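Protein chains in written order, with the numbering used here: chain Z, 1 to 358; chain H, 359 to 716; chain G, 717 to 1074. Have a look at the structure below before the remarks.
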Amino acid sequence: MASPPNAPPTTWPKNAWYVACTPDEIAEKPLGRRICGERLVLYRGQGGRAFALEDFCPHRGAPLSLGSVRDGDLVCGYHGLTLGCDGKAVSMPGQRVGGFPGVRAFPVLERYGFIWVWPGEADLADPARLHPLPWAESPDWAYGGGLYHIQCDYRLMVDNLMDLTHETYVHASSIGQKEIDEAPVTTRLDGETVVTSRFMEKISAPPFWRMALGGAGLPEDAPVDRWQICRFSLPSHVMIEVGVALEGHGGYQAPADKKAASIVVDFITPETETSHWYFWGMARSFAVGDAALTDTIRQGQGKIFSEDLQILEQQQQNLLRHPERRLLKLNIDAGGVRSRMLIDKAIAAEQVPVPVDA
Amino acid sequence: MASPPNAPPTTWPKNAWYVACTPDEIAEKPLGRRICGERLVLYRGQGGRAFALEDFCPHRGAPLSLGSVRDGDLVCGYHGLTLGCDGKAVSMPGQRVGGFPGVRAFPVLERYGFIWVWPGEADLADPARLHPLPWAESPDWAYGGGLYHIQCDYRLMVDNLMDLTHETYVHASSIGQKEIDEAPVTTRLDGETVVTSRFMEKISAPPFWRMALGGAGLPEDAPVDRWQICRFSLPSHVMIEVGVALEGHGGYQAPADKKAASIVVDFITPETETSHWYFWGMARSFAVGDAALTDTIRQGQGKIFSEDLQILEQQQQNLLRHPERRLLKLNIDAGGVRSRMLIDKAIAAEQVPVPVDA
Amino acid sequence: MASPPNAPPTTWPKNAWYVACTPDEIAEKPLGRRICGERLVLYRGQGGRAFALEDFCPHRGAPLSLGSVRDGDLVCGYHGLTLGCDGKAVSMPGQRVGGFPGVRAFPVLERYGFIWVWPGEADLADPARLHPLPWAESPDWAYGGGLYHIQCDYRLMVDNLMDLTHETYVHASSIGQKEIDEAPVTTRLDGETVVTSRFMEKISAPPFWRMALGGAGLPEDAPVDRWQICRFSLPSHVMIEVGVALEGHGGYQAPADKKAASIVVDFITPETETSHWYFWGMARSFAVGDAALTDTIRQGQGKIFSEDLQILEQQQQNLLRHPERRLLKLNIDAGGVRSRMLIDKAIAAEQVPVPVDA
Chain Z
1 MASPPNAPPT TWPKNAWYVA CTPDEIAEKP LGRRICGERL VLYRGQGGRA
51 FALEDFCPHR GAPLSLGSVR DGDLVCGYHG LTLGCDGKAV SMPGQRVGGF
101 PGVRAFPVLE RYGFIWVWPG EADLADPARL HPLPWAESPD WAYGGGLYHI
151 QCDYRLMVDN LMDLTHETYV HASSIGQKEI DEAPVTTRLD GETVVTSRFM
201 EKISAPPFWR MALGGAGLPE DAPVDRWQIC RFSLPSHVMI EVGVALEGHG
251 GYQAPADKKA ASIVVDFITP ETETSHWYFW GMARSFAVGD AALTDTIRQG
301 QGKIFSEDLQ ILEQQQQNLL RHPERRLLKL NIDAGGVRSR MLIDKAIAAE
351 QVPVPVDA
Chain H
359 MASPPNAPPT TWPKNAWYVA CTPDEIAEKP LGRRICGERL VLYRGQGGRA
409 FALEDFCPHR GAPLSLGSVR DGDLVCGYHG LTLGCDGKAV SMPGQRVGGF
459 PGVRAFPVLE RYGFIWVWPG EADLADPARL HPLPWAESPD WAYGGGLYHI
509 QCDYRLMVDN LMDLTHETYV HASSIGQKEI DEAPVTTRLD GETVVTSRFM
559 EKISAPPFWR MALGGAGLPE DAPVDRWQIC RFSLPSHVMI EVGVALEGHG
609 GYQAPADKKA ASIVVDFITP ETETSHWYFW GMARSFAVGD AALTDTIRQG
659 QGKIFSEDLQ ILEQQQQNLL RHPERRLLKL NIDAGGVRSR MLIDKAIAAE
709 QVPVPVDA
Chain G
717 MASPPNAPPT TWPKNAWYVA CTPDEIAEKP LGRRICGERL VLYRGQGGRA
767 FALEDFCPHR GAPLSLGSVR DGDLVCGYHG LTLGCDGKAV SMPGQRVGGF
817 PGVRAFPVLE RYGFIWVWPG EADLADPARL HPLPWAESPD WAYGGGLYHI
867 QCDYRLMVDN LMDLTHETYV HASSIGQKEI DEAPVTTRLD GETVVTSRFM
917 EKISAPPFWR MALGGAGLPE DAPVDRWQIC RFSLPSHVMI EVGVALEGHG
967 GYQAPADKKA ASIVVDFITP ETETSHWYFW GMARSFAVGD AALTDTIRQG
1017 QGKIFSEDLQ ILEQQQQNLL RHPERRLLKL NIDAGGVRSR MLIDKAIAAE
1067 QVPVPVDA
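This is the structure in structure tokens:
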């Protein structure tokens, strides 16, 4: 169904693939989750495929996410109304369900280790628009990650990730170092991707990267060249190439055996105007068979990213209290500012009125 | 005092006896509780009788429920203003209280093991309108019960209890069984009582009823006939005759030594538009001297009824989010639908405008 | 800056010194606290002096109270914007901050063991208007105290402290006794101070005062004369002279070796319209070198004052539910009533419109 003309503007594009959950979250039973303002029940239905329906039983309004799956259909946990994967009523004990209203079904894809949902117009849902993640399907890469539920506008997280200057202050004991905010940052638009880069030469690696150098079989104390290349793409994905190379071997371009390189993976899924689901992780191309290292990295990254929570949530509260304030937009903020321009453009494109007689 | 003309409609009748609390709740000190939107202090006053006053000290507004009882009068716990059981000021140290405003007193009855309050017009409070509970005064019956505070409209609980189809889904491990939603249900109006009945023949008893058969000295594994007869009466009482009889002895009509029969007792007292006090219990006519069985049944019933809490509270949240949705009204919903019709009729009768010059 | 003409009335005067915190609260790191509706960051800056700025970083809106102090300047914990004690930007890595907006700085004083802030017009902040506390700078007095965060209008606490009748009811087991509400109370205005007094003769001391008598080296069981002299002064300070003297030695006027006398110290700092910071303590002129006694008194006082919390917070909730109710104003309420008159007069004086062309 098309958005009604004059629908109120939202703070996110709806016609896009968002990460809704990871497969383990629906392995045992249905999952209720709000995505882009829509309350969904996510579950494995017919053929073991993932599906998403509106989380509202048309019988008495109970959340379908409290129900269960039987023979691939979703059974309401209150009185047993059973819905198919298309949201239509299939059966109910003692009832003829032919005339029952259904619920909205949302397009779902499962790929790259995530369940993706399209909260907008189903007719426009195109698997080709899924963000490609080649590392996720390559045996040359390993991945580990987690999920945080954060009480702030998802765009504050985009800002955070597109300006890593904050590492010096928020993550001083792990990945922060003085050289970060001393190094110049450049921001550019590469097609539909905002790219913010920072390169540091001949520095000493901070604790997290010492650990990674050790994991990659390289000396932890050697001087290194370090890089951070942040890439924002719609609707709200930020992939950050990060790494350190032994000094003088070409930095970002250094051969694989002279560096520890990885991609910080960030899928930022809006829940409400002031909250989001943050799927974070790290994909790496070194020591890919070392599961213990994957765990160590995940724990380290999880701890580091938890340091952002308090500041982001309190920043949100401060902004809600002072809606009239204009914030500064410095050169270090260019990554976030440009990313928001892409978001605003995508939202505006969805607001084009649909002719009433269409 | 009469309701003002054009008073906003409420979701409950006010001129009725509601269960306010059980005697143990006011044994030690006054109790503050909101009933039908009114904040009350309940306490034992003159002659050990139960009384209910508005929970607001006319001196400085402190809740009277933080006070104490002295010589049958209620003493405010802040500065000692003392009120009689009629809500009038009796004394205060160093003050003449003759001109002090009083607080509203609500009619109260104590009977059948409960404290009942009449939140509406005191002039209309008639003890004869108290719901008769003959089992509560008979030595041939035993009773055990409890209290839950539930965050949903009390009418959702009425719906729940007047359609036991949900047992199959919500209480699958205790009293639910597939035969319930396969058996036809009939609903009828019997005077001012809505009656919904369901009978199942030659089935195997689910776990709760096996326990009850054992408690009644009958074989737990024998095939049984089972019945459920739900009776709603105003303002919001649901009495459910339930039981199992050894198969072929007449089911509901079977002689006492061939069955385990009881009455599920439900007093559903509105607190706000979206919350209520749920006094639940079970009265039984077998093994009435077995106090350990009373405890076992209470624990089992308490656990079963707690399974409804999550679904009712989340159903309420879903309905608040979607006030525009029309729910289905199926034949299984007839008990709740008809009960609400009685409620609506009682509310409407209270809304009749009082002539201004009356 | 002057208040805008037609600014909405508040419930507190802004041009006054309020206790903001104690020195230990800013010893380790900055403190975020809301005072009279203003969110402040309090910290030790240049020269070790205490300062207060608006708790909002002009860069991206993060709370400055999550930051740190470096070389006497306040560094935002998100991206390192550094502010001077006047609220102006001092530096930021890689930025020229000359044109950056600053934040509001609030006048601060440190004296008498407290950090005081002036939430109103900085131009009017006059150290001479600080409430004098001679005992705080005298070697003949000892002091101990604490801080409670209370969810009620600060004026309800003023009422509470200006009418000690409540001790009989709220503090029955420590300082309350029947003689309090039997003794007449007198209230008068002494310049800009409201004074409420109560004297009791030849009574037996309640538990708290027995402990104090023992601490002062006097017999705990002797009959005593007792006094309570409450003094309210703007903006919301209540100093209460309390004590007991061995009977017949002149009561309040008795020589020092015949009495245990102290000053209950109450600084009541508004946070919002319905919450406040309550700095309480006791200054005494007996056994001043006995640190263990200071601790014992602090613990006893802390316990007694915590008894007020529940009743004050529930009184607030009751008043919010019934804004239409007129409370009684008895003779015992005269202290609170007159104190509110001083408060209202001070607020009104601040509301005088400033000529637009001034």
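For each residue, glycine too, the CB sits at the ideal point set by N, CA and C. If you're wondering where the values come from, they're calculated on a predicted model, not measured in any experiment.
Does any residue of chain G have a CB that is nearer than 7 Å to the CB of P206 (chain Z)? At a cut-off of 7 Å between beta-carbon atoms, P206 (chain Z) makes no contact with chain G.
7 Å Cβ cut-off: residues of chain H touching Y885 (chain G): G435, Y436, H437, G438
Mind checking K730 (chain G): buried by the 16 CB within 10 Å criterion, or exposed? buried
Using the beta-carbon of each residue, which ones in chain B are nearer than 8 Å to F772 (chain G)? Chain labels in this structure do not include chain B; the protein chains are Z, H and G.
Output yes if chain H places a C-beta closer than 7 Å to the C-beta of P93 (chain Z); else output no. yes
Can you list, in chain order, the residues of its chain whose CB lies under 8 Å from that of P564 (chain H), leaving out five sequence neighbours each side? S532, I533, G534, Q535
Rounded separation between V108 (chain Z) and D55 (chain Z) - CA only: Approximately 15 Å, taken between the alpha carbons.
Sufficient close CB pairs (3 or more, under 8 Å) joining the segment 771-781 of chain G to the segment 311-329 of chain Z: A contact exists between the segment 771-781 of chain G and the segment 311-329 of chain Z.
Residues of chain G with CB closer than 9 Å to the CB of I311 (chain Z), please, in chain order. A778, P779, L782, G793, Y794
Runs of 3 residues minimum, wholly inside the segment 928-963 of chain G: which ones carry the beta strand (DSSP E) assignment? 939-949, 953-962
Residue-level contact to chain H via CB, H149 (chain Z), 7 Å cutoff: no
For the candidate residues Z:L319, Z:R340, Z:E350, Z:G250, whose alpha-carbon lies nearest to that of P779 (chain G)? Z:L319
Mapping the DSSP letters down to three states, classify L133 (chain Z) as helix, strand or coil. Annotated three-state conformation of L133 (chain Z) is coil, per DSSP.
The segment 533-555 of chain H: positions lying closer than 9 Å to chain Z by Cβ: K536, I538, D539, E540, A541, P542, V543
Under 8 Å between beta-carbons, which chain Z residues line up against F816 (chain G)? List them in chain order, please. L328
Per DSSP, what are the beta-bridge partners of K701 (chain G) in this structure? Outside the displayed span of chain G (717 to 1074) sits residue 701 (chain G), for which this structure offers no information.
In chain order, what residues of the same chain lie with their CB nearer than 6 Å to the CB of G45 (chain Z), ignoring the 5 residues before and after it? F51, G72, C85
Rounding to the nearest angstrom, what Cα-Cα distance links A1050 (chain G) and I1027 (chain G) in this structure? Going from the Cα of A1050 (chain G) to the Cα of I1027 (chain G) covers about 20 Å.
So what does DSSP say about S496 (chain H), is it helix, strand or coil? Note: S496 (chain H) maps to coil in three-state DSSP.
Looking only at its own chain, which residues have a Cβ that is under 6 Å from the Cβ of G931 (chain G), when we skip the five neighbours before and after it? A1003, L1009
Coarse secondary structure for W832 (chain G), derived from DSSP in three states: strand
Only counting runs of 3 or more residues, tell me where the beta strand (DSSP E) segments fall wholly within the segment 879-931 of chain G, in order along the chain. 901-906, 909-920
Between the segment 548-556 of chain H and the segment 582-592 of chain H, do three or more beta carbon pairs fall short of 8 Å? yes
Is DSSP giving P93 (chain Z) helix, strand or coil here? coil
Given a cut-off of 7 Å, decide if P935 (chain G) and A732 (chain G) are closer than it, judged by their beta-carbon atoms. no
Determine the chain G residues that contact Q314 (chain Z) at a beta-carbon separation under 8 Å, and present them in chain order. A778, P779, L782
From the DSSP output, read off the bridge partner residues of W638 (chain H). H:G504, H:D624, per the DSSP bridge assignment.
With a threshold of 7 Å on Cβ separation, who are the neighbours of P4 (chain Z) within its own chain once the five nearest residues in sequence on each side are excluded? In this prediction, P4 (chain Z) scores a pLDDT of 42, lower than 50, which makes its location untrustworthy; the coordinate-derived value is nonetheless stated afterwards. If we look at P4 (chain Z) and ignore the five residues flanking it on each side, it has no Cβ neighbours.
In this structure, does DSSP put A821 (chain G) in helix, strand or coil? strand
Which term fits A7 (chain Z), buried or exposed, when burial requires 16 or more other beta carbons within 10 angstroms of its beta carbon? Only weak support exists for where A7 (chain Z) lies, its pLDDT of 49 falling under 50; the coordinates are left without a value.
For A596 (chain H), count neighbouring Cβ atoms within 10 angstroms of its own Cβ and tell me buried if that reaches 16, exposed if not. What sits at residue 596 (chain H) in the sequence shown is Val, not Ala. With 16 or more Cβ atoms within 10 Å of its Cβ, V596 (chain H) is classed as buried.
Note the first and the last residue of the continuous beta strand (DSSP E) segment covering R418 (chain H). Where R418 (chain H) is concerned, there is no enclosing beta strand (DSSP E), given that its DSSP letter is neither H nor E.
Pairing CB atoms from the segment 290-307 of chain Z with CB atoms from the segment 737-753 of chain G, are three or more of them under 8 Å? Taking 8 Å as the limit for Cβ pairs, the verdict is that the segment 737-753 of chain G does not touch the segment 290-307 of chain Z.
With 16 other CB atoms within 10 Å as the buried threshold, where does A716 (chain H) fall? Residue confidence is low: A716 (chain H) scores 44 on pLDDT, short of 50, so the model does not pin down where it sits. Its coordinate-derived value is still stated next. Exposed, by the Cβ-count rule.
Which class does R1041 (chain G) belong to by DSSP, given the choice of helix, strand or coil? coil
Rounding to the nearest angstrom, what Cα-Cα distance links T187 (chain Z) and C510 (chain H) in this structure? 52 Å
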